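Input: a single structure, listed below in structure tokens.
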Amino acid sequence: MKTGKLITLLLFVFAAGSFALAKSAIAAESDKQVYPVYGGATIGLGKQGLFIDTAPLSIPYVEIAKVRPPLRPKYTLGVESIVYRGPVLDVTFLNSQMAPLNNAVILASVYFNISEPEVRLWEEGGFDSIGIWYYNKKAETWQPCYTRFVPEKRDNGKYDRLACIVMGSGFYLLGKMDHDPVFPLWFKPYEIDQTAVYEHKQLLVRDE
């Protein structure tokens, strides 16, 4: 009788532990919040976030979550290695019925606040050392997101930033990735001071 009770207790503890682990894993990837989309909005999640310059009426909402790395293996097939420099942003644009929009056309930027170590990486190697990558969940592909350095520290006194214009719904990862596609010759990192006035406006993504 005692043996039976012990086995039952062990099974209960095992089941409870498995449930807790599963719940923790789900929360890490699905703890999302929905925000209204409007021009000039900054949605900050800690040291990263989304700046919306202009938003069409067809995209009234965005769902965002921070995902603790590493990403699940199903998202990194074909990727030789990833060096994460912080949480991954999971961005999903939504229509008025709260349905996901994969190919959202919107003028917005994702940004990541960076400290001195990341600034040095950028100064020494540009995108080859640190940059923003975009994962299209529908196509199941990774692409480099055209990363720009934003010298915000001179304004806020805390952090500079790396930012890129959003490419649609999906993951946005700051770090270094060994990936097969070869960058075209025109893909070269440059500082915000070298951008056009219009681009400059889009990249000044500040916390409100």
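The sequence shown begins at 0 in numbering that gives the first Met the number 0 and counts up one residue at a time. Cβ coordinates follow ideal geometry from the N, Cα and C atoms, glycine included. What you are looking at is a predicted structure, and each value in this text was computed from that prediction instead of being measured.
What are the boundary residues of the alpha helix (DSSP H) that includes residue i?
| i | result |
| --- | --- |
| Gly124 | Glu115 to Gly124 |
Using DSSP's beta-bridge definition, name the partner residues of residue i.
| i | result |
| --- | --- |
| Gly38 | Paired residues: none, contrary to the question. |
| Leu99 | According to the sequence displayed, residue 99 carries Pro and not Leu. Answer is Leu93. |
| Ser108 | Phe50 and Ile164 |
| Val33 | Glu62 |
| Thr140 | Asn135 |
| Ile81 | Met176 |
| Asp127 | Per DSSP, none; premise fails for Asp127. |
| Gly43 | Gly48 |
| Leu88 | Lys65 and Tyr171 |
Measure the C-alpha to C-alpha separation of residue i and residue j and round it to an integer number of angstroms.
| i | j | result |
| --- | --- | --- |
| Glu115 | Lys31 | 30 angstroms |
| Ala26 | Gly43 | Because Ala26 carries a pLDDT of 37, less than 50, the predicted location of this residue cannot be relied on, and no value is offered for it. |
| Phe186 | Met176 | Confidence at Phe186 is low in this model, with a pLDDT of 39, below 50, so its placement is unreliable and the value that follows should be read with caution. Spanning the two alpha carbons is a distance of roughly 16 angstroms. |
| Glu79 | Leu120 | 20 angstroms |
| Arg160 | Glu122 | 13 angstroms |
| Gln193 | Arg67 | Unreliable placement is indicated for Gln193, whose pLDDT of 39 sits below 50; the coordinate value is still reported in the next sentence. The alpha-carbon atoms of Gln193 and Arg67 are separated by roughly 33 angstroms. |
| Ile63 | Tyr34 | 8 angstroms |
| Pro143 | Pro150 | 21 angstroms |
| Glu117 | Cys163 | 16 angstroms |
| Ala54 | Gly77 | 34 angstroms |
| Leu173 | Phe148 | 13 angstroms |
| Phe111 | Ala138 | 24 angstroms |
| Asp52 | Ile81 | 30 angstroms |
| Lys65 | Ile113 | 16 angstroms |
| Thr140 | Met166 | 12 angstroms |
| Tyr37 | Ser128 | 33 angstroms |
| Leu93 | Gly39 | 18 angstroms |
For the beta strand (DSSP E) containing residue i, list its first residue and its last residue.
| i | result |
| --- | --- |
| Arg147 | Arg147 to Val149 |
Below 8 angstroms on the Cβ atoms is my guess for residue i versus residue j; work out the distance and round it to an integer in Å.
| i | j | result |
| --- | --- | --- |
| Phe126 | Thr146 | 6 angstroms |
| Ser95 | Lys136 | Actually they are not in contact, since the Cβ atoms of Ser95 and Lys136 sit about 21 angstroms apart, beyond 8 angstroms. |
Quick one: any contact between the stretch 96-110 and the stretch 70-83, if contact means 3 or more CB pairs under 8 angstroms? no
How do the stretch 95-105 and the stretch 121-132 stand: do at least 3 beta-carbon pairs fall below 8 angstroms, yes or no? no
Count the C-beta pairs between the stretch 75-94 and the stretch 44-52 that are closer than 8 angstroms, then say yes if the count reaches three, no if not. yes
Just checking, does the stretch 55-65 make contact with the stretch 145-165 on the three C-beta pairs under 8 angstroms criterion? no
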